[in-house]
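Notes for the one structure printed next.
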Amino acid sequence: MPGFTTAHAHIVLSGNSGTSEVWATGFDLAGDPGNQATLDAMVAAVAALVTTSGTYHAALAGLMGTTSGCTAVTGYAYADATSPAELVSELPVTCVGTSTTYSPYQTCIVASLRTAVPSRRTRGRMYMPANGVKTNVTGLVDTTAADNISALVKGLLTANGPDIKPVVISRAGMYGTEITAVSVDVKPDVQRRRANKLASTYTSFVSL
Numbered sequence: 251m252p253g254f255t256t257a258h259a260h261i262v263l264s265g266n267s268g269t270s271e272v273w274a275t276g277f278d279l280a281g282d283p284g285n286q287a288t289l290d291a292m293v294a295a296v297a298a299l300v301t302t303s304g305t306y307h308a309a310l311a312g313l314m315g316t317t318s319g320c321t322a323v324t325g326y327a328y329a330d331a332t333s334p335a336e337l338v339s340e341l342p343v344t345c346v347g348t349s350t351t352y353s354p355y356q357t358c359i360v361a362s363l364r365t366a367v368p369s370r371r372t373r374g375r376m377y378m379p380a381n382g383v384k385t386n387v388t389g390l391v392d393t394t395a396a397d398n399i400s401a402l403v404k405g406l407l408t409a410n411g412p413d414i415k416p417v418v419i420s421r422a423g424m425y426g427t428e429i430t431a432v433s434v435d436v437k438p439d440v441q442r443r444r445a446n447k448l449a450s451t452y453t454s455f456v457s458l
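Using the numbering used here, read the sequence shown as starting at 251 and increasing by one per residue.
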């Protein structure tokens, strides 16, 4: 059964797609941080994972083309699911895309956040930026890329250690449920809003 209240910290990774677009993805951690220092430390733990050279940094950078990147980690503290944020903490980060494959800016890979409770209210999603992910002849991404993304998301969810549980918050049910698994498949997805600011540079018009 769901075992947490809706007091939580919401952690957001954000960045740029090229020069005209932005992206953001986030997740929730159980419990109200309660003070600025605690929230700052939670944000710093995730930021360190993103900026420090290694497996997780490489996995995130590999999702994006060289004109894109992750630029900030932001945390919000909530006493419950309906109140405004009590505290905000933000750290600038540097994680520049390394892929020389370029897909539309709205391309993403969905990481499904699973719990032990089978319900629509107890499942979550993270839309990971993926404008640098290469697809094969069937239009799917490589299985290695899917494995790298699932490992990256697990790292983000657990960056604050075993005592701070990643959860799916249900505002309808007013409870939180611990995330127990991350699922990533090889089918690219889109977030339409990421293309809203992208202006066309050419239009072909043919009269009949």
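Even glycine gets a Cβ: it sits at the ideal position worked out from N, Cα and C.
Cβ-based neighbour list, residue i, same chain, cut-off 6 Å, excluding 5 preceding and 5 following
i      : result
Ala311 : Cys345, Gly347 and Thr348
Met251 : Reliability of the predicted coordinates at Met251 is poor, the pLDDT of 48 falling under 50, and the value obtained from them is presented with this limitation in mind. Cβ within range, chain order: n/a, list empty.
Leu214 : No information on residue 214 is available, as it lies outside the stretch 251 to 458 that the chain covers here.
Ile395 : The residue you asked about is not Ile; residue 395 is Ala in the sequence shown. Cβ within range, chain order: Val383.
Ala309 : Asn398 and Leu402
Gly253 : none
Ala295 : Ala409 and Asn410
Ser339 : Leu289, Asp290, Val293 and Gly325
Lys415 : Ala280 and Glu428
CB contact flag (residue i, residue j, <7 Å)
i      : j      : result
Thr365 : Thr408 : no
Ser318 : Ser267 : yes
Ala380 : Cys358 : yes
Asp282 : Ala327 : yes
Gly284 : Trp273 : no
Val432 : Ala361 : yes
Ser400 : Val367 : no
Thr372 : Thr321 : no
Own chain, CB closer than 8 Å to residue i, minus 5 neighbours either side, in chain order
i      : result
Thr393 : Val436
Thr351 : Gly315, Gly382, Val383 and Lys384
Arg375 : Val360, Ala361, Ser362 and Leu363
Residues sharing a beta bridge with residue i, DSSP
i      : result
Glu428 : Val417
Ile261 : Phe277 and Gly325
Pro379 : Cys358
Leu337 : Ala327
Asn266 : Val272 and Gly319
Thr385 : Val391
Pro342 : Ala322
Phe254 : Gly426
Arg463 : The first residue shown for the chain is 251 and the last is 458, placing residue 463 beyond what the model contains.
Gly374 : Leu363
Asp439 : Cys358
Ser349 : Gly315
Own chain partners of residue i with C-beta closer than 7 Å, once the 5 adjacent residues on each side are dropped
i      : result
Leu329 : A small fix is needed here, since residue 329 is Ala in this sequence, not Leu. Ala257, Asp282 and Glu336, listed in sequence order.
Thr301 : His307, Val343, Thr344 and Cys345
Pro334 : none
Met424 : Thr256 and Ala331
Lys404 : Val432
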